Each structure stands twice: as structure tokens, then as C-alpha cells.
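Visitor:
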Amino acid sequence: MWIRRDSVAREARKESSTKIYHIVNRGIERRSIFAEKRERTRMINIIRENCKKYQVNFYAYCIMPNHFHMLVQADLKTLALFIAVISARYALYYNYKHRRSGYVFQNRYRSQCVENEAYFWNCLRYIHLNPVKAKLSDDLVSYHHGSMREYFTILEEDEQILCPEAFGKIKERFGNGRNFLEFHEQTCQELFIDTREEEFEQKVEIAEQILNACAAAEGISLIEALDYAEVRKRYEAEVKQALNISWSNVENIRDTVRNRLV
């Protein structure tokens, strides 16, 4: 067995009207199953060997040390089979390499429906920024185990993972590579599935954006915005609305933001 299976009944996956999904899966017990570059390269090769066979169209991907991201378009049942195949093949490689047996991936993969154009582009940007935020790469293009490099590198057809439609969408929306790169400097207040730690970090980053706006509107410093009761209450209300979380979670995020300022 390579993929951990829960004994409890599973909730049926939601089906996207666009057939586009954001996929995430991580190593069991938060293990860094892609810690070495050659391990990430092996996963990339397995994806490349199977994506066309299973008719899964890739728009973005990124292999991180302990999880992977994919932005893909496919029939839901076909996608499930594709993920099962690549996960099993990587698990065989990983277990043999490390002289171990048992599960390699934690639970089943997570999927997020991508239903509109804005969310598609924000999700693509989020995936591409992963290695830079994790300090695995100094820039977007040079990371060898993500799709941003493929967008800017001429590859033979049998070396590509990205589908032809992906390049067409980029050209239609941005016109050239410079505009595409500049798009990655923008921010948004969308939340994306990820590891638990990264999802919390996303919420903190959005809360920081809201605090910057509140402080700027009042003409005061960030700390002052948190110290003044009236401004702080307004800030907390905006965070709660933006993130759709409980007041206790708002307080936790607010305290995290404050601790990073002092």
C-alpha cells in the first residue's frame, strides 16, 4: 500500500463545471518525500510520462519538498486515476530508494474546483510563487521543478508537461513574458488549498494586507492601528469578513501579525 486510506466514509469530491482543479498532496507524517532534487526530478518525469496518456491538461505545477501542486483540467474520474498512478509509481521509487515500505502520501489528494477566470489566474500565480516564498529559488523562472521555468524555456514536445492551451492562454492574456512576470508581483485575497501551515500563512498575509490599508487610511503606523481600539475593531471586522473565520481565529491571526511587527 502506498497511499494512506482512511477507514471512515469519504465525502464525494465536488465536480468543477470547467473541469479545472487545483490539486495538492503531501508526504505522510509531514515527511519531506521530495527533499532531494533528484526526487523532485523523478516526480516530474513520472508526471510527464503519464499526463498525455490520461489526457490531463496541465496549466501549472510545482513540486515542493513535502508536497506538490497542480493546476489541471480533466474529467474527475480520469484525474483520480492519473493521481493514483503517479502517486503509486513515485511511492515505489521512494520506498526502494530509502529501503522502506508502507504509505508515502498522507491520505488522499485534496482538490479545489476552479470555476472562474480570476480564480484560475490567482491560483496559477500562487503555485508559481511557492518555491520563491519557501526560499528554494531566487526567482520564478530558475526553479527546475515548477511550470514557470517551462513557460520560459523552449522544450521538445516529449519534454513538456504543460498543454498547448496553457501557452495560448498566457499569450492571449499577457501578450509577452514581461507582462506575465509582472502579474506575479500582484497580490489578492483568495485562499488556496495547501499544507495546514501554508494555509495559515495565507491568512496572515491577507490580514497584513488589510492592516496596511487600515493604517494608510488613518495615516498611522501599523502598530498604532492595532493599539487604537476603534481602528483595531474595524480591522478585526474586515479580517473576519475577508477570511470568513471565527472571532477566536481572528484574534490568533491578529496576534501573529502583531508579533511579526515587534
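Residues in the sequence shown are numbered from 11 upward in steps of one, following my numbering.
C-beta atoms are modelled at their ideal positions from N, C-alpha and C, and glycine is treated no differently.
Since the model is a prediction, treat every value here as computed from it, not as a measurement.
1) Residue range of the beta strand (DSSP E) that Q122 falls in?
2) Please give the ranges of any alpha helix (DSSP H) in the stretch 71 to 118, keeping only runs that are unbroken, at least 4 residues long and fully inside the region.
3) Please state the DSSP three-state secondary structure of Y69.
4) Is it the case that the stretch 106 to 115 contacts the stretch 125 to 140, given that we only count it when at least three CB pairs across the two stretches are under 8 Å?
5) Please report the straight-line C-alpha distance between A144 and E228, rounded to a whole angstrom.
6) Pull up the distance between the alpha-carbon of H108 and that of E246, whole angstroms please.
7) Is the number of C-beta pairs between the stretch 69 to 84 and the stretch 22 to 32 that are closer than 8 Å three or more?
8) Who are the Cβ neighbours of I38 in its own chain at under 7 Å, not counting the five residues just before and after it?
9) What residue range is occupied by the uninterrupted beta strand (DSSP E) comprising I43?
10) What would DSSP say about I30, mapped onto helix, strand or coil?
11) In the structure shown, what three-state DSSP assignment does G229 receive?
Guide: In this structure, then:
1) 120 to 123
2) 86 to 108
3) strand
4) no
5) 33 Å
6) Whole-angstrom Cα-Cα distance: 47 Å.
7) yes
8) Non-local C-beta neighbours of I38 in its own chain, meaning closer than 7 Å and more than five positions away in sequence, comprise R14, Y113, V114, F115, Q116, ordered along the chain.
9) Neither: I43 is in no beta strand (DSSP E) and is coded neither H nor E.
10) strand
11) coil
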